[in-house]
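What follows is a single structure, written as structure tokens, with notes after it.
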Amino acid sequence: MLDYGAKFEEGFGYHEFLAKYGTDEQRRRWEMLHEKVTLTTAQRALLAGFTREMKLLCLTGAWCGDCVNQCPIFDHFAIVNPKIRLRFFDRDANPDLGESLAVCGGARVPVVLFVSEDNHQVAWYGDRTLSKYRRIAAEQLTSEQLGAACPTGLVPDDQSLLAAVTQDWLDEFERVHWILRTSSRLRKLHSD
Numbered sequence: 001m002l003d004y005g006a007k008f009e010e011g012f013g014y015h016e017f018l019a020k021y022g023t024d025e026q027r028r029r030w031e032m033l034h035e036k037v038t039l040t041t042a043q044r045a046l047l048a049g050f051t052r053e054m055k056l057l058c059l060t061g062a063w064c065g066d067c068v069n070q071c072p073i074f075d076h077f078a079i080v081n082p083k084i085r086l087r088f089f090d091r092d093a094n095p096d097l098g099e100s101l102a103v104c105g106g107a108r109v110p111v112v113l114f115v116s117e118d119n120h121q122v123a124w125y126g127d128r129t130l131s132k133y134r135r136i137a138a139e140q141l142t143s144e145q146l147g148a149a150c151p152t153g154l155v156p157d158d159q160s161l162l163a164a165v166t167q168d169w170l171d172e173f174e175r176v177h178w179i180l181r182t183s184s185r186l187r188k189l190h191s192d
């Protein structure tokens, strides 16, 4: 098992990660998406209300399209609340983390490992959100393959896909926040 605290310290901040691992073109693509991410007033208020520190180890690749379309969202969340401590790890430079966070038997990215302030694994989530998988399914599968259980209207249009993916990730961040906030171990530690 990985020492999550030590591993977290090896990670890079958003801009440092891109400076080390991204080409000029990759950094440009990440920045373009970063500029498109917007958080609603309600989303900002929710994030600002998180009271427990959460460490995030984000396994990613500067070259990865899915990472370009999701990782800037995490940076926006961390900007709103400094209790969200975010570190990025290149998948190819961190095979130990990649092996621990395999999705469907593969080293997929991005994957976020959520860790408590005292370095216990809380959850992990990735490589794509439900909204993105719905879009992929709608594009790749026929209506027969999707089945009757997939009603129309589930797949966001292009303009709202980023907003839907942002909300999907925010839902997971909130879930982890509540795990941390209601943990009897952490409540005892913080006397709350």
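1 is the number of the first residue of the sequence shown in our numbering; add one for each residue after it.
Yeah, the Cβ is synthetic: ideal placement off N, Cα and C, and Gly gets one too.
One alpha carbon belongs to E99, the other to S131, and they sit about 25 Å apart. The three-state reading of DSSP puts W63 in coil, since its state is none of H, G, I, E or B. Residue pairing by DSSP puts K55 in a beta bridge opposite R85 and V115. Per DSSP, reduced to three states, the secondary structure at Q70 is coil, with no helix or strand assignment. If you draw a 10 Å sphere on the C-beta of L189, you find fewer than 16 other C-beta atoms in it, and that means exposed.
F12 sits in a strand when the DSSP states are folded into three classes. Excluding residues up to 5 positions away in sequence, D75 lie with their Cβ nearer than 6 Å to the Cβ of Y14 in the same chain. Rounded to whole angstroms, the gap between the alpha carbons of V109 and L56 is 14 Å. In its chain, beyond the 5 residues on either side, L2 have a beta carbon closer than 7 Å to the beta carbon of D96. Of all alpha-carbon atoms in C104, G106 and R29, the one lying nearest the alpha-carbon of V68 is that of R29.
Secondary structure note for A138: it is in no beta strand (DSSP E), and the uninterrupted alpha helix (DSSP H) holding it is L130 to Q140. In this structure, E53 is the residue among S191, L39 and E53 with its C-alpha nearest to the C-alpha of N119.
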